[in-house]
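Inspection log for the structure reproduced underneath, given as structure tokens.
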Amino acid sequence: MGDVNKSLKDIGSFMKLPGANLFITSTEQLFNWAKKSSLWPLSFGLACCAIEMMATFSSRYDLDRLGMITRASPRQADLMIVAGTVTVKMAERIKTLYDQMAGPKYVIAAGSCAISGDHYRHIYSVVPGVDWVIPVDVYVPGCPPTPEAFIDGILELQKIIAVGKTSPTFNASTIENQKNLLSEVNTKPIKKSENVIESKFIDKDELLSFILQVKKEGFNYLKFITATDFDNNLVLTYLLGNNEQNKEVEFNIKVGEDLKVDSLSQIYVGADWQEREVFDLFGITFNGHQNLKRIMMPDDWIGHPLRKEYRMDTHYYPYRPTRKEYEKWKTEL
Ligand code: SF4
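Numbering (the working numbering), first residue to last: 23 to 355.
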């Protein structure tokens, strides 16, 4: 590994000639020296680690002395510091930004979330490491890494560039390893729940007439609609408020096997997005909703993540893309 503190005089020789100075080196060494001394990182962050990254870029640590100037456009950046948790939704954007960056380009995965998904690696919405999506050159551990650790990672990258190693590195973990690792995660068997609260239940066929009645009584504010999966016996819970009288009414309905319930979106404007959320995460259809489509998960997502039958430890399709599918992105522009 080359010495990161190499200056121009260390990579060649100066000669004093009559009337001029001559500097002799190889173009490869000169370009590597120039590249490592002018890393321009893309200015973006994903989660808590990004706060620490911002501190690293503050005047106290003076990264300008390393030739680093953050850029607001990927077209002008050649370093991506991935700081924070990489969600499935964000992974696609990260890949797009990476593709738009100028080459040769480098990636630092900063923090245990970016490296491996950390505490969230088995959650349906998190990618277990950004190297599933783009190649990574340097990994900086920590939760979050300190500014000193960030700087250490940058110096490591400079060493790699100084010796002309521009080919990206990959995580050694294979798909098989990942599968074995994930199969070790035990899911607790779900115990049949006996205690579904039977009180305050109304018949789902009476929902609209009941709602119109309570609205007339001054319950103008729909506080929430949410669902609970009692071992595939889905129950919807509604909370309505009467702000003038400071009163609330809460009630439940059993969704039934057809998973269909009348929409309240024509009666309460706020029901629009709340019903979309329940549809997205539980798969309950609201009859009469004008725009019933996913609100949190991507449109082509398969399954409903808050249903008990949804296996959170399952990393393979259809629950979330496989490593192979992510790897394919690396070769696709
Ligand atoms: S590694 Fe820790 S600090 Fe960084 S994004 Fe994850 S949880 Fe936040």
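The beta-carbon is built from N, C-alpha and C at its ideal position, and this holds for glycine as well.
Leaving out the 5 sequence neighbours to the left and right, which residues in its chain are closer than 6 Å to residue i when beta-carbon positions are compared?
i: K127; result: D100
i: D294; result: S287
i: R316; result: D302
i: L230; result: D284
i: P320; result: none
i: A94; result: S65
i: D225; result: none
i: A171; result: V162 and G164
i: C71; result: A105, G106, A132, G133 and P166
i: I33; result: T47, Q51 and W55
i: E74; result: P166
i: E178; result: V160
Return the Cβ separation of residue i and residue j in integer angstroms, given the expectation that the two are a contact with Cβ distance under 8 Å.
i: K19; j: A184; result: One cannot answer for residue 19 here, as it falls past the ends of the chain, which runs 23 to 355.
i: Y146; j: P327; result: 5 Å
i: F36; j: N43; result: 6 Å
i: V129; j: V162; result: Between V162 and V129 the Cβ distance is about 11 Å, and since that is not below 8 Å, they are no contact.
i: K222; j: F273; result: 5 Å
i: G125; j: P167; result: In fact, because the Cβ distance is near 26 Å, the residues do not count as touching under 8 Å.
i: I324; j: I233; result: Actually they are not in contact, since the Cβ atoms of I324 and I233 sit about 32 Å apart, beyond 8 Å.
I'd like the list of long-range same chain contacts for residue i, defined as Cβ closer than 8 Å, with 5 residues on each side in sequence excluded.
i: Y348; result: A113, V149, W154 and V155
i: A249; result: L256, V257, L258, T259, V277, V300, L303, F304, I306 and L328
i: Y332; result: Y146, G325, H326 and Y341
Label residue i either buried or exposed according to how many other C-beta atoms from any shown protein chain fall within 10 Å of its C-beta, with 16 as the threshold for buried.
i: C165; result: exposed
i: V291; result: exposed
i: A56; result: exposed
i: D322; result: exposed
i: G139; result: buried
i: L244; result: buried
i: D251; result: buried
i: L262; result: buried
i: P63; result: buried
i: G151; result: buried
i: R87; result: exposed
i: T78; result: buried
i: T109; result: buried
i: M318; result: exposed
i: P96; result: buried
i: Q180; result: buried
i: Q296; result: buried
Can you give me the Cβ contacts of residue i inside the same chain, cut-off strictly under 7 Å, excluding the 5 residues immediately before and after it?
i: A69; result: G106, T107 and C135
i: S60; result: G89
i: G240; result: N264, E266 and Q267
Item to complete: For ligand 1, enumerate in chain order all residues having a CB closer than 6 Å to any of its heavy atoms.
Response: My final list is A69, C70, C71, G106, T107, G133, S134, C135, D140, C165 and P166.
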